[in-house]
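K.L.:
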Amino acid sequence: MMFGYFMYRTVCNVVGYLYPAYASFKAIKANNTKNITAWLTYWIVMALFSVGEGTADNFIFWLPFYYEIKMIFVIWLILPQTQGATRIYDSYVVPILTRYEKEIDKKLGMAQEQVTNQGPELVKQGLELSKQGLAKLYEVAAEGILKVSH
Numbered sequence: 002m003m004f005g006y007f008m009y010r011t012v013c014n015v016v017g018y019l020y021p022a023y024a025s026f027k028a029i030k031a032n033n034t035k036n037i038t039a040w041l042t043y044w045i046v047m048a049l050f051s052v053g054e055g056t057a058d059n060f061i062f063w064l065p066f067y068y069e070i071k072m073i074f075v076i077w078l079i080l081p082q083t084q085g086a087t088r089i090y091d092s093y094v095v096p097i098l099t100r101y102e103k104e105i106d107k108k109l110g111m112a113q114e115q116v117t118n119q120g121p122e123l124v125k126q127g128l129e130l131s132k133q134g135l136a137k138l139y140e141v142a143a144e145g146i147l148k149v150s151h
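Numbering (the numbering used here), first residue to last: 2 to 151.
#1: Between which residues of its own chain and LYS32 is the CB-CB distance below 6 Å, once the five residues before and five after are set aside?
#2: Rank MET47, TYR6, ILE97 by C-alpha distance to the C-alpha of TYR20 and give the top, closest one.
#3: Tell me the residue span of the alpha helix (DSSP H) that contains THR83.
#4: Smallest Cα separation from GLY55: which of ASP106, ARG10, VAL116, GLU114?
#5: What is the DSSP secondary structure of ALA31, counted as helix, strand or coil?
#6: Quick check on the DSSP output: the alpha helix (DSSP H) that includes TYR68 runs from which residue to which?
Spelled out as structure tokens, the structure:
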């Protein structure tokens, strides 16, 4: 590995997230529809890449130059000369999402309904479990302090 994970992460965070976030801010501030559309296209492709990357990392991280290839890909996505994100969006994302759009909308609607109906109760249960966990942590910590002090 020439660069390795640390260099890859640093470059990709700057090139893949920080710069696009700032450029998106500028596009919105200028109310530039063309740039807003371009950055939304980028963010859709980058979101899909990020989800896929997490899975791929578990299986093919050992390949030679794996991180370097991913870094070059992220740079390719963002460069205006290559229009990588637009190419992927037009060639793959639009056809796939268009084909499955109704099914995706249906599943998202069902998920939203479940979250709306069950979400508050799940949050309440989560908070209660957190309170119980913290109480137990304090109890164990207090016992440990007492043992150390005697």
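Backbone N, C-alpha and C define an ideal beta-carbon position, used for all residues, glycine too.
P.N.:
If we stick to the structure as given:
#1: For the sequence presented, residue 32 should be read as Asn rather than Lys. No residues qualify anywhere along the chain.
#2: MET47
#3: THR83 -> no alpha helix (DSSP H), and no H or E assigned at all.
#4: ARG10
#5: coil
#6: 67 to 79
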